[in-house]
Amino acid sequence: MNAQLPSIRRRLVVQLALVAALLSVAFFLTVRGVAGNATEQTQDSILAASAASIADAVYSDDGAVRVELPYSALSMLGTVSEDRVFYRVIVDGETLTGYDDLPVPSGRAGPRAPLFDTYTYRGDSLRSVVISRALSGASRPRRVEVVVAQTRLGLEVISARITGTATAIAVAFFLVATALSALAARNALQPLNRLAETMARRGPKDLRPVTDETPEELAPLVAGLNSFMQRLGAALTRSEDLIVEAAHRVRTPLATVRTQAEVMHLQVEKPANRSALRQMIRAVDESSRSAGQLLDHAMVTLRSDQLETEETDPGELLHDVVGRLGPTAELKDITIRLELPPEQTRVMGDPILLQNAVRNILDNAIKYSAAETDITVRLEPGNPCRLVFCDQGRGFAAADITRLPDRFSRGSNVSDVVGSGLGLTIVADVARAHGGSLEIADNPEGAGACVTLVLPSC
Amino acid sequence: MRHACLAFLLIVRITAAGAFEIEESHLYPGGDTELRILSTADSEVFDPIIRAFQSENPGLSITYDVASSAQVMTALYREGAAYDLAISSAMDLQTKLANDGLALAYRSEATARLPGWARWRDRVFAFTQEPAVLVINEAALAGLELPHNREGLIALLRGNPGIFDGRIGTYDVRISGLGYLFATQDSRNTESYWQLTEIMGRLNTRLYCCSGDMIAAVARGELALAYNVLGSYARARLAETPGIRIIEMEDFVSVMLRTALIPQTAVATEEAGRMIDFLAGMRSRPELAAQSGLPPVDLDESDANAAVVRPIRLGPGLLVFLDRMRRDTFLRSWVSSVEQD
């Protein structure tokens, strides 16, 4: 068996799933990044608004700088989350009010432009903003800085929630995409499966070109397949022709040679010459028979490969063959007894092959039987169906029974009789092609052997 | 201005110099574990609650110390006094403790059942909602049209100076944390607050430290009316005190949430958590609410009067009026309005 590559469908699904996974991860990272920035910017803008409203509430009163902390400045920070809030108002470097030790975000900022920083204060990470403004109206301009800071727990909660949502969406996307990929792969491969089914459904001799509509990608494959089948069809036709041709060409000249030899046999009178001619005739007979068997064998091999079964009456078939071989048997004074059941039987099989097999068994039996003996041919219908041929010949040596159906193998006790060793091979092949078997056994009623062609049913 | 709570002021003066001052201390002896509670609520109000809690937790010895809200703040914020639970009506100070990292977080099924407005940062838990009301002496106001909102109250005072001169009581917001909370919420919620304060000042309003004293003075007839009195205390005294009447304003009612928190210095944190669960579940113990006179937090948020009845919102907004400059400014305005001599 060929080493199998992984299925196209699986490969397609895996690759599409990998793409989906990549997209999911990219989506997840993007959403988290964008959402993280957005929430941070939201906190920053609220902090800046808070600081700006405090800065606006700073006023000068009789030379003293005062601030009236607006309620909304701190309450707005509590609307989004329950974070800790710190603030500090500094005038010319001195804390006016708020948390004295709250650090001021460091860095350079433009006038009234908020400056942000993140640091740790009282055990929590804080997002902090500073806004500075100049306060005029007093004896000299004063520099006011407002710091507002908030912990980032709410931010983390929102971030965790967004991360959770993004994860869920990414996983869902991945699952849906993978399921759709599997579906798409199945759809895409459907023409291929359809083609395979069409081919599998075809009969053994159906070598017509495939005319189904196929997608572009399968066109070369179908074209190749069609051209292959065309060549195969041609080759099959050629070999069938060859067999018929060979049978004709070998048998006709042999028949001519035999006729001439018989004519000569009648004309020569020298006993030595007559004996030579008799031997020659026998050799020609044997050659003709062997050629016939070789052709039979070739035929059986060819037909077995593409078995065409039809309903056949085995009784009629036996009757037919026995009738045809009757004259040959009579030459040796052999009586063939045909025992058929009273009812008609039916067997599914290739009539030509079955006839071939039956003829070879009977031919063998006649050949190896002594003169003036009986051959019994019996049809035992049922499941299995048995076609039994029993002779009173020399039988088989025990050691040969399993070996005999091999091609060109002959029994160890028949060296004095000319034979090709193909007969039982043909029978065995036919039996196998029909799902049956060949049985060889000693004749239970005395000398000789029984050969049984076993078929599944009749 | 007259000092109706002279004795109390003395205590405040003393403690300002040194350590925080405890007004009362009660010990409920029990098992080996000690739960120390610092509270602003009167001991007789809280007594049934403590006893009920202790009967469910027999292994506990409970110390119940009563102090003013300012003293609670001093104890916990400045001096790091060792208490396992702080209960206070001063929501702003409790919020500041939690904001500045002096309260421990606590989560439980009971706290999760509290509505969102009744807890902050899993550190401050509200267990009562107590409205600020107007208490009047019925005899003194006989024949007059009773006010239903602050405009009406202003008109009433303005029209009858003879009746009300020297007979109006309200919190001295300089010494009462709760008074300051109510006053600042009023100033935030209505334009007429300063107008009202102005008139009250002109009518020689008397200043008190505590709701109880005001209610008693109204009952005695010394006062015709007291403004921003704790409704829960007034309602508790209503039955035994004939002649007084509670009026809830219709423009808005500030609702104070009495809150509990676990200070950072707490040792018996688990027991303190159990106490918070107990307080948060007061709704399911109506008999306890009746005995203590503390209306529990309404777990059902669909209040028809929501527009009028405003629970003071826990959160950083409360820190605004604790700002030293803002407080200074507010008190200066208030004093100049109330003291017009």
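Line by line, the protein sequences are chains R and W.
Quick note, the numbering used here runs 14 ahead of the 1-based positions in the first sequence.
Quick note, the numbering used here runs 425 ahead of the 1-based positions in the second sequence.
Here a beta-carbon is modelled for each residue, glycine too, at the ideal position from N, C-alpha and C.
Only a predicted model underlies this, so the values are computations on that prediction, with no experimental measurement involved.
Just to confirm the assignment, what range does the alpha helix (DSSP H) spanning residue i have?
{"i": "proline 328/R", "result": "328–345"}
{"i": "valine 33/R", "result": "22–70"}
{"i": "phenylalanine 242/R", "result": "233–281"}
{"i": "aspartate 638/W", "result": "636–645"}
{"i": "leucine 522/W", "result": "516–524"}
{"i": "isoleucine 475/W", "result": "468–481"}
{"i": "proline 285/R", "result": "285–319"}
{"i": "proline 572/W", "result": "Here proline 572/W belongs to no alpha helix (DSSP H), and DSSP marks it neither H nor E."}
{"i": "aspartate 700/W", "result": "Sequence check: residue 700/W is methionine here, not aspartate. Its alpha helix (DSSP H) spans residues 694–705."}
Tell me the rounded alpha-carbon separation between residue i and residue j.
{"i": "arginine 738/W", "j": "leucine 30/R", "result": "54 Å"}
{"i": "glutamate 276/R", "j": "leucine 345/R", "result": "16 Å"}
{"i": "arginine 735/W", "j": "leucine 704/W", "result": "21 Å"}
{"i": "arginine 25/R", "j": "glutamine 244/R", "result": "33 Å"}
{"i": "alanine 34/R", "j": "arginine 215/R", "result": "38 Å"}
{"i": "alanine 685/W", "j": "threonine 622/W", "result": "31 Å"}
{"i": "alanine 511/W", "j": "leucine 43/R", "result": "45 Å"}
{"i": "glutamate 230/R", "j": "alanine 249/R", "result": "29 Å"}
{"i": "glycine 462/R", "j": "glycine 409/R", "result": "4 Å"}
{"i": "leucine 368/R", "j": "proline 205/R", "result": "41 Å"}
{"i": "threonine 488/W", "j": "glutamate 696/W", "result": "13 Å"}
{"i": "valine 10/R", "j": "serine 636/W", "result": "In the structure as shown, chain R starts at 15 and stops at 472, and residue 10/R therefore has no counterpart that could be examined."}
{"i": "alanine 714/W", "j": "glutamate 673/W", "result": "20 Å"}
{"i": "aspartate 327/R", "j": "threonine 212/R", "result": "33 Å"}
{"i": "leucine 467/R", "j": "valine 402/R", "result": "7 Å"}
{"i": "serine 67/R", "j": "proline 84/R", "result": "7 Å"}
{"i": "arginine 46/R", "j": "serine 173/R", "result": "8 Å"}
{"i": "leucine 37/R", "j": "alanine 184/R", "result": "8 Å"}
{"i": "alanine 557/W", "j": "isoleucine 671/W", "result": "10 Å"}
{"i": "serine 679/W", "j": "alanine 191/R", "result": "56 Å"}
{"i": "threonine 439/R", "j": "alanine 202/R", "result": "49 Å"}
{"i": "leucine 268/R", "j": "arginine 292/R", "result": "15 Å"}
{"i": "aspartate 456/R", "j": "glycine 407/R", "result": "10 Å"}
{"i": "alanine 447/R", "j": "isoleucine 454/R", "result": "18 Å"}
Are the beta-carbon atoms belonging to residue i and residue j less than 8 Å from one another?
{"i": "serine 612/W", "j": "glutamate 576/W", "result": "no"}
{"i": "leucine 88/R", "j": "valine 99/R", "result": "yes"}
{"i": "glycine 602/W", "j": "serine 494/W", "result": "yes"}
{"i": "phenylalanine 755/W", "j": "threonine 609/W", "result": "yes"}
{"i": "aspartate 388/R", "j": "threonine 342/R", "result": "no"}
{"i": "aspartate 517/W", "j": "tyrosine 531/W", "result": "no"}
{"i": "leucine 354/R", "j": "leucine 393/R", "result": "yes"}
{"i": "threonine 458/W", "j": "serine 514/W", "result": "no"}
{"i": "arginine 166/R", "j": "arginine 141/R", "result": "yes"}
{"i": "alanine 375/W", "j": "phenylalanine 589/W", "result": "The structure shown does not extend to residue 375/W, since chain W is modelled only from 426 to 766, so the question has no answer here."}
{"i": "asparagine 378/R", "j": "valine 314/R", "result": "no"}
{"i": "valine 143/R", "j": "valine 105/R", "result": "no"}
{"i": "glutamate 764/W", "j": "glycine 626/W", "result": "yes"}
{"i": "proline 741/W", "j": "glycine 77/R", "result": "no"}
{"i": "threonine 690/W", "j": "alanine 543/W", "result": "no"}
Tell me which residue opens and which closes the beta strand (DSSP E) that residue i is part of.
{"i": "glutamate 556/W", "result": "The amino acid occupying residue 556/W in the given sequence is proline; glutamate does not appear at that position. Segment 549–562, the beta strand (DSSP E) holding proline 556/W."}
{"i": "threonine 165/R", "result": "156–165"}
{"i": "histidine 451/W", "result": "449–453"}
{"i": "threonine 684/W", "result": "678–688"}
{"i": "valine 763/W", "result": "That residue, valine 763/W, is in no beta strand (DSSP E); its alpha helix (DSSP H) goes 749–763."}
{"i": "glycine 672/W", "result": "The sequence shown places isoleucine at residue 672/W, not glycine. Taken as a continuous stretch (DSSP letters only), the beta strand (DSSP E) holding isoleucine 672/W covers 669–672."}
Looking only at DSSP bridge pairs, what is residue i linked to?
{"i": "glycine 594/W", "result": "Arg631/W, Ala651/W"}
{"i": "leucine 467/R", "result": "Leu401/R, Leu452/R"}
{"i": "leucine 510/W", "result": "Ile462/W"}
{"i": "threonine 134/R", "result": "Ser139/R"}
{"i": "alanine 75/R", "result": "Checking the sequence, you will find aspartate at residue 75/R rather than alanine. According to DSSP, which records beta bridges pairwise, aspartate 75/R is partnered with Ala78/R."}
{"i": "proline 128/R", "result": "Answer by DSSP bridge pairing: none, since proline 128/R is not bridged."}
{"i": "proline 721/W", "result": "Thr553/W"}
{"i": "arginine 392/R", "result": "Glu353/R, Val402/R"}
Is the shortest distance between the beta-carbon of residue i and the beta-carbons of chain A less than 8 Å?
{"i": "arginine 613/W", "result": "Absent from the structure: chain A. Protein chains present are R and W."}
Report whether the distance from the Cβ of residue i to the nearest heavy atom of the ligand GTP is below 7 Å.
{"i": "phenylalanine 746/W", "result": "Ligands are entirely absent from the displayed structure, and the ligand GTP is therefore not among its contents."}
Which residues, in chain order, does the region 512–533 of chain W contribute to contact with chain R at a C-beta distance below 9 Å?
Along the region 512–533 of chain W, the positions whose C-beta sits under 9 Å from a C-beta of chain R are Ala523, Asn524, Asp525, Gly526, read in chain order.
Interfacial residues, the region 732–744 of chain W to chain R, with Cβ spacing under 9 Å:
Within the region 732–744 of chain W, the residues whose Cβ lies closer than 9 Å to some Cβ of chain R are Arg738, Leu739, Gly740, Pro741, Gly742, Leu743, Leu744, listed in chain order.
Got a sec: which bits of the region 670–688 of chain W sit with their beta carbon under 8 Å from any beta carbon on chain R, in order along the chain?
Of all residues in the region 670–688 of chain W, none has a C-beta nearer than 8 Å to a C-beta of chain R.
Could you list the residues in the region 531–554 of chain W with a C-beta less than 7 Å from some C-beta on chain R, going in chain order?
Residues passing the 7 Å Cβ filter: Trp545, Arg546.
Could you please tell me which residues of the region 88–104 of chain R, in chain order, have their CB closer than 9 Å to any CB of chain W?
Those would be Leu88, Ser89, Met90, Leu91, Gly92, Thr93, Glu96, Asp97, Arg98, Val99, Phe100, Tyr101, Val103, in chain order.
Proximal residues, the region 162–173 of chain R versus chain W, C-beta separation under 9 Å:
If the cut-off is 9 Å between Cβ atoms, the region 162–173 of chain R has Gln164, Leu167 near chain W.
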